[in-house]
Amino acid sequence: MSVANESISREFILLGFSDRPWLELPLFVVFLVSYILTIFGNMMIILVSRLDSTLHTPMYFFLTNLSLLDLCYTTSTVPQMLINICSTRKVISYGGCVVQLFIFLALGSTECFLLGVMSLDRFLAICRPLHYSVIMHQRRCLHLAAACWISGFSNSVLQSTWTLQMPLCGHKEVDHFLCEIPALLKLSCVDTMAIKSEQFFISVVFLLIPVTLILISYAFIVQVVLKIRSAECRRKAFGTCGSHLIVVVLFYGTAIYMYLQPPSPSSKDQGKMVSLFYGIITPMLNPLIYTLRNEEVKGAFKRLMKRIILIGK
């Protein structure tokens, strides 16, 4: 009980790259610009998907969920990072650390399954077009999205509870930009092998299983698309699926590197950069990837801009 009470009153120091102060200004600029672009890009995806009737399809319903997730994902970490860079005391309260850990892990876990559901949607749309509208009706889409969010938050409750129960024994310097499980486990003064093994198993479930199913889905998709005679239809199919596949590679590649590689002292700073990539850069790139490679989104965005201009006049 005394250890728990001590932890509750503690402030954690987020070290980040404090041993390299010359990086603070460039990092502040990168974080701020990335955050602004993330907010703007994902808000526009949500707006055009909801306001344009041509985008009221399962694909854009799941894309809206992804954009909402990315907005919350970055907001749970980036403002605190910007504050700490500008401050001489790079601290976060125990309660703030708990909230950040829970939300960051919950949304990351949700995205793992959501990207898998999006690949299932593309598989059915291309490989089972005659049955697509029957299978992916509105209620089923809602159920699939809800299952992703519930699974992500359930995993976060489980892993956050395990992590926060570990005794810290006075340690308070987190060698990271944010409160993430691998960084917090390093503060524990007891053997963490058991919880690391449990974390590895859960990471396999949330990372390797969805990415394997995604790759299998796209293997079938490629076979079907290559049989399409129309070059225009092939280009449209590959363009839509290519956007999703790029997001999959960016997210899963960095997350697998972070959570499934063996711990190594030499990879300390690499781990920080990888976390920044899938926690900040990927959410910023997602709307750019989907808009630049998707004619339907670009068309909906242009129509929305025209409506805004007409209302302004």
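Numbering follows my numbering, in which position 15 of the sequence shown is assigned residue number 15; successive positions increment by one, without gaps. Glycine is no exception: its CB is placed at the ideal position from the N, C-alpha and C atoms. On a predicted model such as this, the values are computed, not experimentally measured, just so you know.
Nearest-angstrom Cα separation, counted from residue j out to residue i
i, j, result
"C112", "P287", "17 Å"
"I256", "L310", "47 Å"
"L285", "L101", "23 Å"
"T163", "P210", "24 Å"
"S49", "D121", "16 Å"
"Y278", "K272", "10 Å"
"N84", "L304", "38 Å"
Inter-residue CB distance, residue i and residue j (contact presumed, cutoff 8 Å)
i, j, result
"F62", "A145", "7 Å"
"T54", "E296", "7 Å"
"S34", "I202", "That pair is no contact at about 28 Å."
Assigned secondary structure, residue i (DSSP; H/G/I helix, E/B strand, else coil)
i, result
"F251", "helix"
"E173", "strand"
"F301", "helix"
"F17", "coil"
"S53", "helix"
"I228", "coil"
"S93", "strand"
"E180", "coil"
Residue i vs residue j beta-carbon contact at 8 Å
i, j, result
"L178", "L14", "yes"
"I126", "V225", "yes"
"Q199", "Q159", "yes"
"I103", "C72", "yes"
"F123", "I228", "no"
"L207", "L130", "no"
"V247", "I289", "yes"
"L32", "L82", "yes"
"I92", "F12", "yes"
"L185", "L114", "no"
From the options, residue whose alpha carbon lies closest to that of residue i
i, options, result
"C86", "R235, Y94, F17", "F17"
"L107", "P167, E173, D19, C148", "C148"
"D191", "C169, V98, A237", "C169"
"V249", "D175, T282, C233", "T282"
"S197", "P182, C241, V78", "P182"
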